[in-house]
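Colleague:
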Amino acid sequence: MGSSSSGGGERSMALNGLDDGPETLRDHWIAIWMGIIFLVVGSIGLVALCGILPFPSPSLSPDQVLAIYRDNPIRMRIGVLLLFIGTMTFNQLYTIQFLHMRRVEGRFPIWSYTLLCTGIMAALPAWLASLLWLACTFRPDSDPGTILLLHDIGFLAFTFSTLPFVVIAQICYIIVFFRDRTQRVFPRWLAYMAVLDLLIFVPNALVPFFKSGPFAWNGVMGIYLPLTAYSVFMICFMTTVMRKRSPKS
Amino acid sequence: MNLELPQRELSKASKPEVPGEEGVWVVIFGEMIVFSILFAVFLDARQKDAAAFEAGRAALDLTLGVVNTLILLTSSFAVAAAVDLYRKGDAWSARALTLVAALLGLGFCITKAFEYKAKLAAGAAVFDNPFHVYYFLLTGLHLVHVIVGIGILLTMSAYMGRPGHPARQRLMESGGLFWHLVDLLWIVIFPLLYILH
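Those protein sequence lines, which keep their order, are chains A and B. So the first sequence is residues 1 to 249, counted in our numbering. So the second sequence is residues 250 to 446, counted in our numbering.
1) Does chain B have any CB closer than 8 Å to the CB of Tyr69(A)?
2) Which of the three DSSP states is assigned to Met234(A) in this structure?
3) Could you check what DSSP says for Leu99(A) in three-state terms: helix, strand or coil?
4) Helix, strand or coil for Ala252(A)? Go by DSSP, reduced to three states.
5) With distances taken Cα to Cα, identify the nearest neighbour of Phe215(A) among Val290(B), Gly272(B), Gly279(B).
6) Compare the beta carbon distance of Pro144(A) and Leu66(A) with 8 Å and say whether it is the shorter of the two.
7) Following the continuous alpha helix (DSSP H) through Met76(A), name the residue where it begins and the one where it ends.
8) Any Cβ of chain B within less than 8 Å of the Cβ of Leu149(A)?
9) Report the rounded CA-to-CA distance for Phe138(A) versus Ile68(A), giving the unit in angstroms.
10) Compare the C-alpha of Pro56(A) against each of Ala194(A), Leu199(A), His151(A) and name the closest.
11) Can Ala329(B) and Thr347(B) be called in contact, C-beta distance under 8 Å?
12) Does the beta carbon of Phe215(A) sit closer than 8 Å to a beta carbon anywhere in chain B?
13) At which residue ranges does the region 371-400 of chain B contain complete beta strand (DSSP E) runs of 3 or more residues, listed in the order of the chain?
14) If you draw a straight line from the C-alpha of Tyr443(B) to the C-alpha of Thr89(A), how long is it?
15) Which two residues bound the contiguous alpha helix (DSSP H) that contains Asp298(B)?
16) Just to confirm, are Val393(B) and Val202(A) a CB contact at a threshold of 8 Å?
17) At a cut of 8 Å, does the region 67-83 of chain A reach the region 117-124 of chain A through at least three beta carbon pairs?
18) So, helix, strand or coil for Leu430(B), using DSSP?
19) So is Tyr173(A) in contact with chain B if we call contact Cβ pairs under 8 Å?
20) Put Ser142(A) into one of helix, strand or coil per three-state DSSP.
21) Can you give me the C-alpha to C-alpha distance between Cys358(B) and Leu206(A), rounded to a whole angstrom?
22) Based on Cα-Cα distance, which residue from Tyr94(A), Trp133(A), Ala129(A), Leu124(A) lies nearest to Thr114(A)?
23) Less than 8 Å between the C-beta atoms of Asn378(B) and Ala300(B), yes or no?
24) Is it buried or exposed, Trp33(A), if we count other Cβ atoms within 10 angstroms and call 16 or more buried?
25) Quick one: list the residues of chain A neighbouring Pro379(B), beta-carbon separation under 7 Å, in chain order.
26) Tell me whether Gln97(A) is buried or exposed, calling it buried when 16 or more other Cβ atoms sit within 10 Å of its Cβ.
27) Could you tell me how far apart the beta carbons of Val276(B) and Tyr224(A) are, in whole angstroms, since I believe they sit closer than 8 Å?
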């Protein structure tokens with residue numbers, strides 16, 4: 001299973017022990033850069049959308065909420081457009097995750113495919129939230145009750161996203177600890193990182209019960225810690241996937 | 250005269266060994282960072298509404314808090330002794346001590362249950378005071394870690410049947426380290442919630 005045909009020892013140090021050649025490496029880099037660019041664009045949209053990055057509190061008065069959508073419709077619409085672009089961040093990253101995990105599994109790669117499906121589910125609420133916010137800014141003079149409801153659904157969808165991420169972390173944990181024994185595609189500490197993610201995402205389940213404080217959708221346990229933890233996890237994951245290792249037979 | 254060290258000793262000297270698996274330190278430092286952020290948020294919120302927070306603190310049962318602290322400190326000591334005994338080959342005593350630590354952990358959970366029951370007797374109104382939101386956040390998240398830690402201790406004691414293998418020793422150390430993390434977190438949470446005014 002050597003790569004002598006692709007021309008020498010350098011090429012055989014392919015990323016993460018893959019024995020596949022320069023095209024695969026290039027595809028990986030394109031995918032990751034796409035993810036980064038989409039994420040940056042989406043973050044700019046989020047900042048433009050919400051004014052400043054701290055999300056509006058769930059305990060704002062109805063007038064304040066309506067003011068968000070009525071004050072600056074052009075800016076909000078541009079922000080939503082960029083946010084839509086940002087929702088494309090994770091598609092290619094989940095595919096990379098899926099493909100490397102599939103290397104670990106045998107004939108029935110249950111966990112890899114579950115990861116792919118769960119990844120889609122995890123990315124969908126952000127898209128839904130963008131759509132609802134678009135509807136809010138599209139006709140800011142429409143019925144206030146409707147705008148308030150769409151505002152609430154949007155933010156809840158965006159921040160109350162416990163289950164898919166918990167399942168993703170659980171699958172990573174299962175694959176790295178229990179399945180990845182022979183090839184060592186992933187380092188063991190990645191599984192511990194997934195455990196850390198799990199512990200941080202569990203309190204996120206309390207978002208529907210609070211309108212202020214750390215569990216609210218603009219709180220530290222509601223959005224900021226889970227977002228940071230998951231970002232760090234994805235960065236670590238992609239870094240370990242992109243490291244160069246000699247292929248093992 | 251042979252001036253060369255045997256290869257094994259050379260590699261041992263050049264690679265300082267960290268106890269436990271390297272991955273468990275990811276969890277330990279990660280959780281310390283997470284809880285530090287939560288402590289900072291708590292202190293910031295406390296500063297904004299000192300009266301309500303002080304009222305909430307005064308309603309806490311300090312005795313139960315001290316009892317919990319002693320329980321965790323003792324169980325940490327038991328785990329440290331157990332891991333050391335296991336390393337020396339005395340699997341039976343190591344197993345007994347690990348089970349003692351797990352039992353103490355269970356005692357912690359029971360006293361916590363009493364505290365929670367007393368607080369929640371008033372129903373959801375308890376969350377009107379922001380202090381209680383942070384109280385349940387910090388102690389609740391810590392309780393999740395305690396429960397996970399008890400599970401780890403029970404798994405450790407189950408695996409202590411066969412002593413000696415270095416990889417297994419590392420797993421035992423990792424489990425012990427997690428329990429020490431649980432203890433360390435409580436040692437910061439306790440003064441922050443129960444004593445600071």
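We put the beta carbon where it would ideally sit given N, CA and C, even for glycine. All figures in this text were calculated on a predicted structure; none of them were measured in a lab.
Modeller: The short version:
1) No, because no Cβ of chain B sits closer than 8 Å to the Cβ of Tyr69(A).
2) In the three-state reduction of the DSSP assignment, Met234(A) falls in the helix class, which pools H, G and I.
3) Helix at Leu99(A).
4) One cannot answer for residue 252(A) here, as it falls past the ends of chain A, which runs 1 to 249.
5) Scanning Val290(B), Gly272(B), Gly279(B) for the CA closest to the CA of Phe215(A) turns up Val290(B).
6) Yes; because the gap between Cβ atoms is below 8 Å, this pair is in contact.
7) Counting along the chain, the alpha helix (DSSP H) containing Met76(A) begins and ends at 73-86.
8) No - not a single Cβ of chain B is within 8 Å of the one on Leu149(A).
9) In a straight line, the C-alpha of Phe138(A) is about 13 Å away from that of Ile68(A).
10) Pro56(A) has its Cα closest to that of His151(A), out of Ala194(A), Leu199(A), His151(A).
11) Cβ distance not < 8 Å, so Ala329(B) and Thr347(B) don't count as in contact.
12) At least one C-beta of chain B is nearer than 8 Å to the C-beta of Phe215(A).
13) If we require 3 residues or more, the region 371-400 of chain B turns out to have no beta strand (DSSP E) run fully inside it.
14) Here the C-alpha atom of Tyr443(B) lies approximately 44 Å from the C-alpha atom of Thr89(A).
15) Run containing Asp298(B): none; DSSP gives neither H nor E here.
16) Closer than 8 Å, so yes.
17) In short, these stretches do not touch, since the Cβ pair count stays below three.
18) In the three-state DSSP reduction, Leu430(B) falls in the helix class (H, G or I).
19) Interface annotation, Tyr173(A): not in contact with chain B, CB-CB separation never under 8 Å.
20) Secondary structure of Ser142(A) (DSSP, three-state): coil.
21) Rounded to whole angstroms, Cys358(B) to Leu206(A) spans 21 Å at the Cα level.
22) When only C-alpha atoms are compared, the closest one is Tyr94(A).
23) Against a cut-off of 8 Å, the Cβ pair of Ala300(B) and Asn378(B) comes out as no contact.
24) By the Cβ neighbour-count rule, Trp33(A) is exposed, with fewer than 16 other Cβ atoms within 10 Å of its own.
25) Listed along chain A, the residues sitting closer than 7 Å to Pro379(B) by beta-carbon distance are Gly213.
26) Under this definition Gln97(A) is a buried residue.
27) Contact flag wrong, Cβ pair sits at about 20 Å.
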